[in-house]
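>
In my numbering, the protein residues as written are 4 to 142.
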């Protein structure tokens with residue numbers, strides 16, 4: 004049915020940093036909006052607007068995460084930064100293809116976003132969150 008959100012925030016995805024948690028939830032919401040655009044056939048400018056929102060919000064979120072990792076001397080920061088960079092590049096690529104008429108908003112894109120965010124939050128972010136929690140516990 005339309006308006007079905009493919010991404011549902013689950014408490015198990017929470018990490019002990021409330022502000023980062025909130026940002027993750029917001030990213031989930033933005034990705035769900037892409038899905039809804041797919042089913043409601045939104046106009047082009049609405050979809051381009053979604054690209055802009057997702058990119059700028061993701062960049063803001065990534066900067067916040069990287070600052071946190073830097074502050075706590077997280078050893079795998081570089082790997083995490085590459086993940087972030089690739090995500091932004093992928094958004095750029097999708098947007099370019101969309102603007103050139105070579106990409107209708109498809110499940111290819113929305114599924115990529117869905118898989119990426121779920122894996123990223125669950126696996127990648129949990130890693131730095133565990134690292135920080137453990138290192139601060141030993142101080």
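Where a beta carbon is used, it is the ideal one built from N, C-alpha and C, also for glycine.
Please confirm whether residue 37 and residue 89 have their CB atoms less than 8 Å apart.
In the chain shown, residue 37 corresponds to position 34, counting from 1. In the chain shown, residue 89 corresponds to position 86, counting from 1. Not closer than 8 Å, so no.
> Looking only at its chain, what residues have a beta carbon closer than 6 Å to the beta carbon of residue 12, apart from the 5 residues adjacent to it on each side?
Locating residue 12 in the chain shown gives position 9, counting from the first residue. Taken in chain order, the residues that qualify are 28 and 31.
> Identify every run of the alpha helix (DSSP H) within the segment 56–141, keeping only runs that are complete inside it and at least 4 residues long; order them along the chain.
Taking only runs of at least 4 residues, the alpha helix (DSSP H) segments lying wholly in the segment 56–141 are 80–102, 110–122 and 129–140.
> Compute the Euclidean distance between the alpha carbons of residue 50 and residue 95, then round it to the nearest angstrom.
One-based indexing of the chain shown puts residue 50 at position 47. One-based indexing of the chain shown puts residue 95 at position 92. The alpha-carbon atoms of residue 50 and residue 95 are separated by roughly 13 Å.
> What is the rounded straight-line gap between the Cα of residue 80 and the Cα of residue 104?
As a first step, residue 80 is located in the chain shown; it is residue number 77 there, counting from the start. As a first step, residue 104 is located in the chain shown; it is residue number 101 there, counting from the start. Going from the Cα of residue 80 to the Cα of residue 104 covers about 36 Å.
> Quick one: residues in its chain with C-beta nearer than 8 Å to the C-beta of residue 102, no 5 flanking neighbours on either side, listed in chain order?
Reading the chain shown from its first residue, position 99 is the one you call residue 102. For residue 102, where only same-chain residues beyond five positions count, the Cβ hits under 8 Å are 51.
> Would you decide whether residue 132 is buried or exposed? Buried here means 16 or more other CB atoms lie within 10 Å of its CB.
Residue numbering aside, residue 132 sits at position 129 when the chain shown is read from its first letter. Residue 132 comes out buried.
> How big is the Cα-Cα spacing for residue 139 and residue 120?
Position 136 of the chain shown, counted from the first residue, corresponds to residue 139. Position 117 of the chain shown, counted from the first residue, corresponds to residue 120. Each residue's alpha carbon lies about 26 Å from the other.
> Between which two residues does the alpha helix (DSSP H) carrying residue 40 extend?
Against the chain shown, residue 40 aligns to sequence position 37. It spans 21–43 - the alpha helix (DSSP H) in which residue 40 sits, taken as one unbroken run.
> How about the segment 48–68 and the segment 19–27: do they share at least three Cβ pairs that are nearer than 8 Å?
The segment 48–68 is in contact with the segment 19–27.
> Between the alpha carbons of residue 97 and residue 57, how many angstroms are there, rounded?
Indexing the chain shown from 1 puts residue 97 at position 94. Indexing the chain shown from 1 puts residue 57 at position 54. Roughly 12 Å separates the two Cα atoms.
> Sorted by chain position, which residues of the same chain lie with C-beta nearer than 6 Å to residue 77's C-beta, five sequence neighbours on each side aside?
Sequence index remark: in the chain shown, residue 77 carries index 74 (1-based). Only 131 and 134 meet the Cβ criterion.
> To the nearest angstrom, report how far apart residue 41 and residue 16 are at their CA atoms.
Here residue 41 refers to the residue found at position 38 of the chain shown. Here residue 16 refers to the residue found at position 13 of the chain shown. C-alpha separation (whole angstroms): 26 Å.
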